[in-house]
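Asker: Got a structure for you, questions after.
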């Protein structure tokens with residue numbers, strides 16, 4: 004009696020653990036499969052193009068709005084903060100560093116995760132529950148190569164470009180506030196920005212962007228691919244894709260920063 | 110070379126503790142149309158998915174043209190799929206593509222046929238299932254259920270497969286449209302000289318398209334024979350199923 008009580012207790016406690024570990028294993032296999040398929044032919048160029056347009060071109064307004072306001076608010080905040088110890092002159096470089104290193108990559112990635120990660124999970128998830136993925140297989144087409152690979156390549160290619168554009172727009176936002184609201188001399192502001200411009204600020208931002216792009220596509224595809232159980236399952240997959248991608252973006256943001264800047 | 114196109118021996122498949130296929134033995138003779146009947150949830154779809162390699166059975170053997178297909182690698186699977194076609198229950202048409210691109214999918218993606226030739230061929234196949242050429246440029250979501258089934262059928266036969274699978278081809282259609290689909294299935298299978306494996310619980314459809322019928326119950330094939338033999342059999346399970354009676358040895362689990 005006592006023994007069987009313990010056994011039941013262990014079984015109950017162990018079940019979620021086993022489920023977690025098997026899910027982790029399933030995810031690892033998915034990642035390995037994705038990487039392998041990304042590097043081996045055939046490649047579906049037309050699908051890649053569609054993803055690049057969806058993820059890149061149509062994300063431009065969102066990324067532009069996000070980064071311009073981020074740049075503007077940083078200029079305003081750093082001015083009022085730095086005034087306390089008379090360091091207002093540092094505004095231009097603070098805008099430059101915070102936009103290129105942090106704000107443009109992180110905020111753009113979070114916005115794209117919400118826009119595109121969700122769409123990927125919903126589209127692939129619907130294809131799963133309506134047997135379209137099985138149909139691809141029966142038509143001698145590897146669904147991984149047809150659906151997942153183009154999306155991951157698109158993430159890797161598009162995010163750095165978006166972030167580069169975001170950098171420019173964000174710095175411009177800081178310039179607008181600096182010059183028209185805080186009364187900086189335009190020439191001085193531009194000068195101070197250019198003088199502080201360092202390659203490492205931009206490159207770390209772009210490395211982050213590529214990693215975030217990979218995360219967004221991977222989790223969008225993974226959650227869609229493994230979804231089951233009709234409309235509700237697709238809904239869950241969509242939510243999970245956005246939430247897990249956002250969290251991983253923030254975690255990897257720290258990890259990459261640590262790799263580049265910790266001494 | 111044996112006359113069997115598909116040969117299944119002692120096939121087992123379970124999901125966790127739920128045993129779905131429990132030792133299935135089944136032969137499909139070349140050029141014949143076999144219909145597997147059975148209630149909902151008896152594992153008919155799982156059987157088809159195992160044969161296509163979409164699911165991997167725990168035990169048993171499936172041979173197609175005398176070659177084992179359980180446990181083959183992706184490349185061999187792609188080759189295997191090139192001789193198969195499948196009509197899915199819900200159609201499973203790609204909604205990001207137009208109707209003709211669906212039908213021509215194999216031609217464009219695998220055989221690298223140029224677009225114009227592929228489209229003409231797709232329109233020809235669409236016509237053979239009774240669809241007008243102006244349907245070709247529509248999106249699948251603009252079609253009615255019966256038309257989607259026809260497009261699904263056109264896609265399944267477009268690559269001229271040696272084996273065609275039909276998953277509940279008449280479910281969700283009105284009786285007249287169901288009969289139209291049955292006629293089209295017979296026509297296209299005979300036209301291609303293909304081997305057909307259908308799963309259904311629609312007895313009218315089964316009678317019409319089957320050369321042979323097999324009944325799946327509790328993970329095993331419990332009876333098989335021709336339509337005539339089915340009408341004469343005194344097997345109580347088959348009798349209950351074809352009469353559609355709630356009384357008998359088959360208990361519905363609620």
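Protein chains in written order, with my numbering: chain A, 4 to 266; chain B, 110 to 363. Yeah, the Cβ is synthetic: ideal placement off N, Cα and C, and Gly gets one too. As the structure is a computational prediction, the values presented were derived from the model and not from experiment.
#1: Given a limit of 9 Å on CB to CB distance, which residues of the region 146 to 168 of chain B reach chain A?
#2: Return the residues of the region 183 to 202 of chain B that lie within a Cβ-Cβ distance of less than 9 Å from chain A, sorted by chain order.
#3: Is the CB-CB distance between residue 122 of chain A and residue 170 of chain A below 9 Å?
#4: Rank A/45, A/246, A/226 and A/250 by C-alpha distance to the C-alpha of residue 26 of chain A and give the top, closest one.
#5: Please work out which residues of its chain come closer than 8 Å, Cβ to Cβ, to residue 284 of chain B, disregarding the five sequence neighbours upstream and downstream, and give them in chain order.
#6: Of all Cβ atoms in chain B, is any one closer than 9 Å to the Cβ of residue 1 of chain A?
#7: Take the Cβ of residue 356 of chain B as the centre, count every other Cβ of all protein chains shown within 10 Å, and call the residue buried at 16 or more, exposed below.
#8: Specify, as a first and last residue, the run of the alpha helix (DSSP H) that residue 131 of chain B falls within.
#9: Just checking: is the beta-carbon of residue 219 of chain B within a distance shorter than 9 Å of some beta-carbon in chain A?
#10: Would a C-beta distance cut-off of 9 Å place residue 221 of chain A and residue 155 of chain A closer than the cut-off?
#11: Comparing C-alpha positions only, which one of A/161, A/182 and A/144 sits nearest to residue 46 of chain A?
#12: Between residue 110 of chain A and residue 73 of chain A, how many whole angstroms is the CB-CB distance? I'm expecting something under 8 Å.
#13: Do the region 175 to 193 of chain A and the region 64 to 78 of chain A touch if we need at least three Cβ pairs shorter than 8 Å?
#14: Establish whether the CB of residue 205 of chain B and some CB of chain A are separated by less than 9 Å.
#15: Could you say which of A/10, A/54 and A/201 lies nearest to residue 158 of chain A if we only look at CA atoms?
#16: Can you list, in chain order, the residues of its chain whose CB lies under 8 Å from that of residue 199 of chain A, leaving out five sequence neighbours each side?
#17: So, do the region 225 to 240 of chain B and the region 272 to 288 of chain B have three or more beta carbon pairs nearer to each other than 8 Å?
#18: What residue range does the alpha helix (DSSP H) around residue 255 of chain A cover?
#19: Who are the Cβ neighbours of residue 147 of chain B in its own chain at under 8 Å, not counting the five residues just before and after it?
#20: For the alpha helix (DSSP H) holding residue 190 of chain B, just list the boundary residues, first then last.
#21: How would you write the range of the alpha helix (DSSP H) that residue 201 of chain A sits in, first residue to last?
#22: Using the DSSP secondary-structure output, state which residues sit across from residue 144 of chain B in a beta bridge.
#23: Are any of the Cβ atoms in chain A nearer than 9 Å to that of residue 246 of chain B?
#24: How many angstroms separate the CA atom of residue 36 of chain A from the CA atom of residue 251 of chain A?
#25: Taking beta-carbon pairs under 7 Å, can you tell me which members of the region 123 to 143 of chain A lie near chain B?
#26: Please work out which residues of its chain come closer than 7 Å, Cβ to Cβ, to residue 91 of chain A, disregarding the five sequence neighbours upstream and downstream, and give them in chain order.
#27: Tell me, which residues are paired with residue 113 of chain B by DSSP?
#28: Distance check for residue 228 of chain A and residue 360 of chain B, CA to CA, integer angstroms please.
#29: Which same chain residues, not among the five before or five after residue 339 of chain B, have their C-beta less than 7 Å away from its C-beta?
#30: Closest by CA to residue 329 of chain B, which one among B/140, B/287 and B/156?
#31: Who pairs with residue 332 of chain B in a beta bridge, going by DSSP?
#32: Does residue 195 of chain A come out as helix, strand or coil in the three-state DSSP assignment?
#33: Of the choices B/197, B/245, B/201 and B/189, whose alpha-carbon is the least far from that of residue 213 of chain B?
#34: Beta-carbon within less than 7 Å of residue 121 of chain B's beta-carbon, same chain only, minus the 5 sequence neighbours each way: which residues are those?
Answerer: Let's see:
#1: Of all residues in the region 146 to 168 of chain B, 158, 161, 162 and 163 have a Cβ within less than 9 Å of some Cβ in chain A.
#2: Residues of the region 183 to 202 of chain B with a Cβ closer than 9 Å to any Cβ of chain A, in chain order: 183, 186, 187, 188, 189, 190, 191, 193, 194, 195, 197, 198, 199, 200, 201 and 202.
#3: Numbered from its first residue, the first chain carries residue 122 of chain A at position 119. Numbered from its first residue, the first chain carries residue 170 of chain A at position 167. For residue 122 of chain A and residue 170 of chain A, no; Cβs fall outside 9 Å.
#4: What you label residue 26 of chain A is simply residue 23 of the first chain in a count that begins at 1. The shortest C-alpha to C-alpha distance from residue 26 of chain A to any of A/45, A/246, A/226 and A/250 is the one to A/226.
#5: Within the second chain, numbered from 1, the residue matching residue 284 of chain B stands at position 175. Cβ neighbours of residue 284 of chain B beyond the five flanking positions: 313.
#6: In the structure as shown, chain A begins at 4 and stops at 266. Residue 1 of chain A is therefore absent and cannot be evaluated.
#7: Working through the second chain from its first residue, we reach residue 356 of chain B at position 247. Per the 10 Å Cβ criterion, exposed.
#8: As a working mapping, residue 131 of chain B is identified with position 22 in the second chain. Per DSSP, residue 131 of chain B belongs to no alpha helix (DSSP H); it is in the beta strand (DSSP E), 127 to 138.
#9: One-based indexing of the second chain puts residue 219 of chain B at position 110. At least one chain A Cβ lies under 9 Å of residue 219 of chain B.
#10: Position 218 of the first chain, counting from 1, holds the residue named residue 221 of chain A. Position 152 of the first chain, counting from 1, holds the residue named residue 155 of chain A. Contact flag set, yes.
#11: To locate residue 46 of chain A, count along the first chain from 1; it is residue 43. Ranking A/161, A/182 and A/144 by Cα distance to residue 46 of chain A puts A/144 first.
#12: On the first chain, residue 110 of chain A is found 107 positions in, with the first residue counted as 1. On the first chain, residue 73 of chain A is found 70 positions in, with the first residue counted as 1. Between residue 110 of chain A and residue 73 of chain A the beta-carbon gap is near 6 Å, inside 8 Å, which marks them as a contact.
#13: Yes: the two stretches touch, three or more of their Cβ pairs being nearer than 8 Å.
#14: The residue labelled residue 205 of chain B in the question sits at position 96 within the second chain. The C-beta of residue 205 of chain B comes closer than 9 Å to at least one C-beta of chain A.
#15: Stepping through the first chain from its first residue, residue 158 of chain A is reached at position 155. Considering only A/10, A/54 and A/201, the residue with the shortest C-alpha distance to residue 158 of chain A is A/54.
#16: Indexing the first chain from 1 puts residue 199 of chain A at position 196. Counting only residues of its own chain and dropping the five nearest sequence neighbours on each side, residue 199 of chain A has a CB closer than 8 Å to the CB of 95, 96, 99 and 100.
#17: In short, these stretches do not touch, since the Cβ pair count stays below three.
#18: As a working note, residue 255 of chain A is residue 252 in the first chain. It spans 233 to 264 - the alpha helix (DSSP H) in which residue 255 of chain A sits, taken as one unbroken run.
#19: The residue labelled residue 147 of chain B in the question sits at position 38 within the second chain. When the five nearest sequence neighbours on each side are left out, the beta carbons in the same chain lying within less than 8 Å of the beta carbon of residue 147 of chain B are those of 153, 308, 310, 324, 325, 326 and 350, in order along the chain.
#20: As a first step, residue 190 of chain B is located in the second chain; it is residue number 81 there, counting from the start. Element bounds for residue 190 of chain B: 183 to 190.
#21: The count along the first chain starts at 1 and reaches residue 201 of chain A at position 198. It is not in any alpha helix (DSSP H) - residue 201 of chain A carries neither H nor E in the DSSP assignment.
#22: The residue labelled residue 144 of chain B in the question sits at position 35 within the second chain. Paired residue(s): B/307 and B/322.
#23: Sequence index remark: in the second chain, residue 246 of chain B carries index 137 (1-based). For residue 246 of chain B, the answer is no, since every Cβ of chain A falls outside 9 Å of its Cβ.
#24: The sequence position of residue 36 of chain A within the first chain is 33, counting from 1. The sequence position of residue 251 of chain A within the first chain is 248, counting from 1. Distance between residue 36 of chain A and residue 251 of chain A, taken at the CA atoms: about 20 Å.
#25: Within the region 123 to 143 of chain A, the qualifying residues are 133, 134, 135, 137, 138, 140, 141, 142 and 143.
#26: The residue labelled residue 91 of chain A in the question sits at position 88 within the first chain. 82 and 85.
#27: Numbered from its first residue, the second chain carries residue 113 of chain B at position 4. According to DSSP, which records beta bridges pairwise, residue 113 of chain B is partnered with B/138.
#28: The residue labelled residue 360 of chain B in the question sits at position 251 within the second chain. The residue labelled residue 228 of chain A in the question sits at position 225 within the first chain. Residue 360 of chain B and residue 228 of chain A: Cα-Cα distance of roughly 36 Å.
#29: Counting from one through the second chain, the residue named residue 339 of chain B turns up at place 230. 322, 347 and 351.
#30: The residue you call residue 329 of chain B lines up with position 220 of the second chain. When the alpha-carbon of residue 329 of chain B is set against those of B/140, B/287 and B/156, the nearest one is in B/156.
#31: Position 223 of the second chain, counting from 1, holds the residue named residue 332 of chain B. DSSP lists B/324 as partners of residue 332 of chain B.
#32: Taking the first chain and counting its residues from 1, the one referred to as residue 195 of chain A is at position 192. Here DSSP, grouped into helix, strand and coil, assigns residue 195 of chain A to helix.
#33: Counting from 1 along the second chain, the entry for residue 213 of chain B is found at position 104. The option with the nearest alpha carbon to residue 213 of chain B is B/245.
#34: Residue mapping note: residue 121 of chain B aligns to position 12 of the second chain, counting from 1. Cβ neighbours of residue 121 of chain B beyond the five flanking positions: 130, 131, 132, 166, 167, 168 and 169.
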